[in-house]
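Novice: Below is one structure. I have some questions about it.
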Amino acid sequence: MTSPQDPFRQTGWAGLRARLFHLYFVLRRPMTLGVRGLIHDTATNSVFLIRHTYVPGWQLPGGGVEVGETMDEALARELAEEGNIALIAPPALKSMHFNRRSSRRDHVGFYLIEQFAQTVPKLPDHEIAEAGFFPLDRLPEATTPATLRRIAEVFQGEPISSYW
Numbered sequence: 001m002t003s004p005q006d007p008f009r010q011t012g013w014a015g016l017r018a019r020l021f022h023l024y025f026v027l028r029r030p031m032t033l034g035v036r037g038l039i040h041d042t043a044t045n046s047v048f049l050i051r052h053t054y055v056p057g058w059q060l061p062g063g064g065v066e067v068g069e070t071m072d073e074a075l076a077r078e079l080a081e082e083g084n085i086a087l088i089a090p091p092a093l094k095s096m097h098f099n100r101r102s103s104r105r106d107h108v109g110f111y112l113i114e115q116f117a118q119t120v121p122k123l124p125d126h127e128i129a130e131a132g133f134f135p136l137d138r139l140p141e142a143t144t145p146a147t148l149r150r151i152a153e154v155f156q157g158e159p160i161s162s163y164w
């Protein structure tokens, strides 16, 4: 008994040509995808912010989605790395944003997290200079504009921007 050939599998010159076109488009038009999490401690009405060693300002934890990783997996990894924070329930995807300040092809998934655990505070390391929870009415002066916009969208009902 012969099995039918996969109609999407191309061999020979056509397959090589398809792979080369795919490589061309990946190199010519690469997209990047990141995630950021707004960790909200409902008991203290505070949010978790970080300050990196390599860029100015206080911001939401997060980072890039790696190849083969879901956005939820990337968020969980970044929260653990940047804040010693573990998700104890699925995060809520609030919005997607085009991050034109980073590049012409960068997008960020923005999540709200209200069910989490942090067993020990995050100590400074090579990437994170400082990290901690801040009351919503006493955010650090150097909080980035994008972070302030996301907080205003969630807690003050501001319209959600398409841009990070």
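FYI, in the UniProt record's numbering the residues of the sequence shown are 1 to 164.
Each residue gets a CB set at the ideal place from its N, CA and C atoms; glycine is no exception.
1) Measure the alpha-carbon distance for SER95 versus ALA129 and round it to whole angstroms.
2) Shortest alpha-carbon distance to TYR111 belongs to which of ARG150, SER161 and GLU141?
3) Taking contact to mean at least 3 C-beta pairs separated by less than 8 Å, is the region 136-146 in contact with the region 32-49?
4) Using DSSP's beta-bridge definition, name the partner residues of HIS40.
5) Would you call the CB atoms of THR147 and LEU60 closer than 7 Å?
6) How would you label HIS126, buried or exposed, when you count the other beta carbons within 10 angstroms and need 16 or more for buried?
7) So, for GLY37: in the same chain, excluding its five sequence neighbours on each side, which residues have a beta-carbon less than 7 Å away from its beta-carbon?
8) Are there 16 or more other CB atoms within 10 angstroms of the CB of ILE39, so buried, or fewer, so exposed?
9) Is PHE134 closer than 7 Å to ASP41 when the C-beta atoms are compared?
10) DSSP three-state label for VAL108, please.
11) Per DSSP, which one or two residues make a beta bridge with ALA117?
12) In whole angstroms, give me the CA-to-CA distance for ASP106 and THR119.
13) So the beta strand (DSSP E) GLU130 belongs to, where does it begin and stop?
14) Mapping DSSP to helix, strand and coil, what is LEU16?
15) Buried or exposed: where does residue 194 fall if 16 or more other Cβ atoms within 10 Å of its Cβ makes it buried?
16) From GLU158 to PRO56, what distance separates their C-alpha atoms?
Specialist: Well, looking at it:
1) Position 95 of the sequence shown holds residue 95. Position 129 of the sequence shown holds residue 129. Rounded to whole angstroms, SER95 to ALA129 spans 27 Å at the Cα level.
2) Against the sequence shown, residue 111 aligns to sequence position 111. Of ARG150, SER161 and GLU141, the residue nearest in Cα terms is ARG150.
3) yes
4) Counting from one through the sequence shown, the residue named residue 40 turns up at place 40. Note: HIS40 sits in a beta bridge opposite VAL47.
5) One-based indexing of the sequence shown puts residue 147 at position 147. One-based indexing of the sequence shown puts residue 60 at position 60. In contact: THR147 and LEU60 (Cβ atoms closer than 7 Å).
6) Counting from 1 along the sequence shown, the entry for residue 126 is found at position 126. So HIS126 ends up on the exposed side.
7) Position 37 of the sequence shown holds residue 37. Result list for GLY37: LEU60, PRO61, GLY62, LEU75, LEU79, PRO91, TYR111 and ILE113, in chain order.
8) The residue labelled residue 39 in the question sits at position 39 within the sequence shown. With 16 or more other Cβ atoms within 10 Å, it is buried.
9) Residue mapping note: residue 41 aligns to position 41 of the sequence shown, counting from 1. Residue mapping note: residue 134 aligns to position 134 of the sequence shown, counting from 1. Contact flag unset, no.
10) The residue you call residue 108 lines up with position 108 of the sequence shown. Here VAL108 sits in strand by DSSP.
11) Start at 1 with the first residue of the sequence shown, and residue 117 comes out as number 117. Note: ALA117 sits in a beta bridge opposite ALA86.
12) On the sequence shown, position 106 is the one that residue 106 refers to. On the sequence shown, position 119 is the one that residue 119 refers to. Taking the straight line joining both Cα atoms gives about 33 Å.
13) One-based indexing of the sequence shown puts residue 130 at position 130. GLU130 -> beta strand (DSSP E) spans 128-135.
14) On the sequence shown, position 16 is the one that residue 16 refers to. In the structure shown, LEU16 sits in a helix (DSSP, three-state: H, G or I).
15) As shown, the chain starts at 1 and ends at 164. That puts residue 194 outside it, with no answer to give.
16) Indexing the sequence shown from 1 puts residue 158 at position 158. Indexing the sequence shown from 1 puts residue 56 at position 56. GLU158 and PRO56: Cα-Cα distance of roughly 25 Å.
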